[in-house]
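Below: one structure, written as structure tokens.
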Amino acid sequence: MKLLRYGPVSQEQPGLVDAAGNIRSLSGHIRDIGLEQLAPRSLLALAAIDPASLPLVPGVPRLGVPFAGTRKFIAIGLNYADHAAESNLPLPTEPVVFTKAVGCLQGPNDVVMMPRDSKKTDWEVELGVVIGTTARYVEESAALDHVAGYVVVNDISEREFQIERGGTWDKGKGCDTFGPVGPWLVTREEVGDVQNLGMWLDVNGKRMQTGNTSTMIFGVATLVSYVSRFMTLEPGDIITTGTPPGVGLGQKPAPVYLKAGDTMRLGIEKLGEQAQNVIAWQRL
737 MKLLRYGPVS QEQPGLVDAA GNIRSLSGHI RDIGLEQLAP RSLLALAAID
787 PASLPLVPGV PRLGVPFAGT RKFIAIGLNY ADHAAESNLP LPTEPVVFTK
837 AVGCLQGPND VVMMPRDSKK TDWEVELGVV IGTTARYVEE SAALDHVAGY
887 VVVNDISERE FQIERGGTWD KGKGCDTFGP VGPWLVTREE VGDVQNLGMW
937 LDVNGKRMQT GNTSTMIFGV ATLVSYVSRF MTLEPGDIIT TGTPPGVGLG
987 QKPAPVYLKA GDTMRLGIEK LGEQAQNVIA WQRL
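Note that my numbering gives residue 981 to position 245 of the sequence shown, counting from 1, and the numbers run on in steps of one.
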């Protein structure tokens, strides 16, 4: 099942994608796709609805984050062996955990704004894991039982802020618009083997990233279990799980970064695609 939210910012309505790729409205059944709808019982109830019985949504509406209410946006760094190699960094012995500000979450095709004084804004296609039930000190063998589904995330990063300005990575990760999520939340059973999904990202039509979740150093079950030792994971929390090679920082012979007017297009097998235009900083 592919769930989404569509409509203007802060006015999104719930929907799903039918087998033909059409958006169908769920407004007659639920008010929104929030934390309650991520629970297993609620997902089963939504899956039991015949999509053909739902009204078609006309046109091509804006898509928002596929669910509302995220409290924590947790990120994992250097989690692809080939990306660690391009960064000239050793493989981590434990997951590298940092946070992205919840305020950077936005729809999958919304405009990305470089922060003021940015010199090194970069792209990262990532698999996002959406928590469906509370996870606290969960064993790896049971970790996926706590997952509602998966999303595409563009973990946009300002590398100078992240690496050269002292302190933690967080300051280069949570700038406004740095967290596009979607287009859909795809439920766990529809995705199947989450450790074998192709990934890609283009900048201005040029393929920059190509990878597969099979090259993760720490798989999804390991990450959910690991993070749950350090914080309680709640419904709606997102863990974005690292990126394959091809980021701007790793380009040879010299890094390449985003500039105003650039376009990004990215996707993950079974999870859909995103597209964003890049603009210069402006006062919101």
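The C-beta atom is built at its ideal place from N, Cα and C for all residues, glycine as well.
Going by DSSP in three states, residue i sits in which element: helix, strand or coil?
i              : result
threonine 949  : helix
alanine 817    : helix
valine 939     : strand
proline 797    : coil
glycine 1026   : With the chain represented from 737 up to 1020, any question about residue 1026 goes unanswered, as that position is not in the structure.
valine 865     : strand
glutamine 987  : coil
glutamine 1018 : coil
glycine 839    : helix
glycine 908    : helix
alanine 775    : coil
serine 763     : coil
serine 789     : helix
Output yes or no for whether 7 Å exceeds the beta carbon distance between residue i and residue j.
i               : j                 : result
asparagine 845  : phenylalanine 954 : no
tyrosine 962    : aspartate 858     : no
valine 801      : leucine 841       : yes
serine 964      : arginine 872      : yes
isoleucine 1015 : alanine 996       : yes
leucine 863     : leucine 937       : no
valine 866      : valine 956        : no
glycine 978     : arginine 924      : no
Taking the alpha-carbon positions, what's the residue i to residue j distance?
i               : j               : result
asparagine 1013 : alanine 811     : 23 Å
leucine 985     : arginine 895    : 8 Å
alanine 817     : proline 980     : 8 Å
alanine 1011    : methionine 1000 : 5 Å
leucine 827     : asparagine 890  : 22 Å
valine 793      : glutamate 748   : 13 Å
glutamine 987   : aspartate 853   : 22 Å
Could you name the residues of the same chain whose beta carbon sits closer than 6 Å to that of residue i, not counting the 5 residues immediately before and after it, in chain order?
i           : result
glycine 934 : Asn948 and Glu1005
If you drop the 5 nearest sequence neighbours on each side, which residues of the same chain put their C-beta closer than 7 Å to that of residue i?
i           : result
valine 753  : Lys738, Leu740, Ile759 and Trp920
proline 791 : Arg760 and Ser761
Kindly indicate if chain C contains any beta-carbon less than 7 Å away from that of residue i.
i           : result
proline 828 : Included in the structure is just one protein chain, with no chain C present.
Who are the near neighbours of residue i in its chain, counting only those whose CB is closer than 8 Å to its CB and skipping five residues on each side?
i           : result
alanine 932 : According to the sequence as given, residue 932 is asparagine; it is not alanine. So the list reads Asn948, Thr949 and Ser950, once near-sequence residues are dropped.
For the 8 Å Cβ check, are there 3 or more pairs between the segment 798 to 809 and the segment 759 to 776? With the cut-off at 8 Å, the segment 798 to 809 and the segment 759 to 776 touch.
At least 3 beta-carbon pairs within less than 8 Å: the segment 958 to 972 vs the segment 897 to 908: no
With a threshold of 8 Å, are at least 3 pairs of Cβ atoms found where one atom belongs to the segment 827 to 839 and the other to the segment 903 to 914? yes
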